[in-house]
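One structure is given here, and the rest of the page talks about it.
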Amino acid sequence: MSAERITRREMLKRLIVAPIGAAVLTTLEVRQASAATMQPYYDPYFVAVLWEGRTRCDSLWRSLKGDVAPILPAVQGATPYDRLYWTGYALGSAPVNVAMRVWARAVDHNGVPLGNGWRPIGQATIQTPPQRWFRVEIPEGHWDEYRLEVRSATPRLVYSRVIASQGYWKE
Amino acid sequence: MPVRFLRNASELADVSMESPLPVQVANAKPVPADTLLVATTNMFLSGERDLLGSTSTELPTLDACGQYRKLIWFYFRDGAAPTNYRVLARATDHNGAPLGTGWQELATGTLPGGANSWNRIDIPASGDGYYDQYRIVVERTSGSGYSLINKIVGVRG
């Protein structure tokens, strides 16, 4: 692999001088894995962003949306998705020590939960040096609603995004 | 001739395994998951019956499921009474008639979970399904009656 840094002007000159190279690009085979990785940055298709935002963590169990009402989901409409990925970044100069847990439940045709409470999917403690990214994979998919909760003895802000992936057909 | 592409707005990079082209997936469609059943089973009744309450052993609980790789059975039970379950499946012909009588048993056991618990059972537990018909039967073997609230989702991809 090699790369060089060029200006926009130089890039335009090269494209104009070598249009055949550009034509070759359109028919070049690429790895499917690469396509899947890049997809969310272009057009959410089989990867969807379910939630994105900031959570103020404190000593209470809060959902990513900040509420402490256990009845409320953090994400809804997750039925089609095989798995969810929660990626986050905690602000602050102290080491990150955030407890997290994930709940899930199913709803009926009217969107009403089948019963009270939630199914516990898992829980863990996120421990990283300050200002590092973390990522949590939630492999138990196809539940309709999830509640992701965080708690930290040291108050801090967590910026995070929850995305979900689903299978796809190749035509 | 090496093929190069623009990376990070101002950087030309050779195409390689480590630096693949950023592309969009074309000729692909997301596969939705379908809700196939939402039903409450009366577990105050005794005897083996399917999730829809039927005791007729030849009646499927779910039909026309051939397109689904697997089914996911979500349920909420408000009682803890010991309950057996069986998951049965079979294939049909082009007219929708079963190829024969009876069923193939995919799974059997004691229904997991206590009172007021959420649970899930993947059908089949491993490998692919693609059966046309399923019959899911439950039977409370002792204890007090309760309600079993079910949802089944069909997953294609």
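These protein sequence lines map, in sequence, to chains H and C. Letter by letter, the first sequence follows residues -6 to 164 in our numbering. Letter by letter, the second sequence follows residues 11 to 167 in our numbering. Using N, Cα and C, we set each Cβ at its ideal position, and we do this for glycine too.
- Between the alpha carbons of E133/H and C50/H lies a distance of about 25 Å.
- Between T48/H and chain C, the shortest Cβ-Cβ separation is not below 9 Å.
- Remark: C-beta atoms of L116/C and V147/C do not approach each other more closely than 9 Å.
- With respect to L69/C, Y144/C sits apart: the two C-beta atoms are not nearer than 9 Å.
- Secondary structure note for D24/C: its beta strand (DSSP E) is the uninterrupted segment 21 to 24.
- In the three-state DSSP reduction, M93/H falls in the strand class (E or B).
- For A99/H, the closest of A146/H, L53/H, P113/H, P88/H by C-alpha to C-alpha distance is P113/H.
- From the listed residues G164/C, F84/C, M27/C, the smallest Cα separation to T51/C is found for F84/C.
- Ranking G160/H, G108/H, R149/H by CA distance to the CA of R47/H puts R149/H first.
- When DSSP assignments are scanned along the segment 112 to 150 of chain H, the uninterrupted stretches of beta strand (DSSP E) that are 3 or more residues long and fall wholly within it turn out to be 112 to 121, 126 to 131, 138 to 144.
- In the DSSP assignment, S157/C falls within the beta strand (DSSP E) that extends over 157 to 165.
- Taking C-beta separations shorter than 7 Å and ignoring five residues to either side along the sequence, the partners of D88/C in its chain run A125, N126, Y156, S157, following chain order.
- With a cutoff of 9 Å on beta-carbon distance, I82/C and I162/C are scored as near each other.
- Within the segment 70 to 90 of chain C, contact with chain H at the beta-carbon level (separation under 9 Å) is assigned to R79, I82, F84, Y85, F86, R87, D88.
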